[in-house]
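Shown next, in the form of structure tokens:
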């Protein structure tokens with residue numbers, strides 16, 4: 001069970017740190033600036049956009065529970081690109097079955113970071129299951145993920161940054177439930193899909 005005293009990290013600072021490519025080498029499947037980022041509905045989308053809107057960001061304005069599976073599909077379709085899924089605890093709880101499927105697929109270029117504020121932030125901040133005893137990192141490990149991590153300090157977040165770009169890692173980051181101002185990226189689904197396809201170099205249908 002997560003105690004409220006464990007939830008102190010500012011979500012914007014966490015995501016800005018995770019998406020900062022400075023100082024990272026370009027070894028592995030691709031250079032750090034080419035990271036493909038899939039975000040869940042709500043706050044993770046705002047956080048990624050606040051860190052810098054880019055064509056390689058694929059924002060989900062809905063599809064709660066489906067973010068991780070979209071990340072898997074992308075990782076399988078683009079095996080030479082690194083894919084990072086930014087999810088929230090509510091989104092991940094709704095898609096728990098995806099953790100078993102992704103572990104079984106063993107895509108080496110996919111990592112997931114769950115920003116866990118122990119609350120359903122988009123519906124009124126009701127306590128989520130992680131506030132009541134569910135350990136998402138333990139669930140992922142039981143599903144077959146070989147590498148999991150939990151971070152509750154910025155030093156631990158900084159240590160995750162290169163790992164999320166080089167390992168098939170499932171990470172849970174304990175963040176504050178405090179509201180931060182919304183930073184809205186484009187909301188037009190057709191535009192976002194087309195922009196993302198062009199960033200991937202996928203020919204138009």
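Residue numbers (the numbering used here): 1 to 205.
Think of the CB as a built atom: it goes at the ideal place given N, C-alpha and C, for glycine as much as any other residue.
Note that the structure is predicted; figures quoted are calculated from it, not measured.
Proximity to residue i [Cα-Cα], best of the options
i: residue 60; options: 185, 197 and 114; result: 185
i: residue 80; options: 102, 35 and 190; result: 35
i: residue 19; options: 74, 174, 56 and 198; result: 56
i: residue 195; options: 24, 58, 150 and 11; result: 58
i: residue 73; options: 52, 111 and 62; result: 111
i: residue 21; options: 62, 71, 84 and 75; result: 84
i: residue 64; options: 88, 170, 76 and 142; result: 88
Residues sharing a beta bridge with residue i, DSSP
i: residue 52; result: Its beta-bridge partners do not exist; DSSP assigns none.
i: residue 9; result: 175
i: residue 83; result: 36 and 110
i: residue 59; result: 39
Extent of the continuous alpha helix (DSSP H) run through residue i
i: residue 90; result: 89–94
i: residue 209; result: In the structure displayed, the chain extends from 1 to 205; residue 209 sits before or after that span and is not available.
i: residue 190; result: 189–200
i: residue 69; result: 67–77
i: residue 99; result: 97–105
Min CB distance residue i to chain D below 9 Å
i: residue 57; result: Looking at the structure shown, chain D is missing, and only one protein chain is on hand.
Span of the beta strand (DSSP E), counted from its first residue to its last, around residue i
i: residue 37; result: 36–39
i: residue 116; result: 110–116
Checklist entry - Does the segment 45–56 come close enough to the segment 7–21 to have 3 or more Cβ pairs within less than 8 Å? => result Result yes; three or more Cβ-Cβ pairs closer than 8 Å.
Next on the checklist: Contact between the segment 91–111 and the segment 140–150 is defined here as three or more beta-carbon pairs at a separation below 8 Å; is this criterion met?
Outcome noted: Touching, per the Cβ criterion.
Checklist entry - Given 8 Å as the limit, is there contact between the segment 36–43 and the segment 76–95, that is, 3 or more CB pairs closer than that? => result Pairwise C-beta distances place the segment 36–43 in contact with the segment 76–95, as three or more of them are shorter than 8 Å.
Next on the checklist: Suppose only complete runs of 4+ residues qualify. What are the alpha helix (DSSP H) ranges in the segment 125–164, listed by chain order?
Outcome noted: Within the segment 125–164, the alpha helix (DSSP H) runs of at least 4 residues that lie entirely inside it are, in chain order, 136–143 and 154–164.
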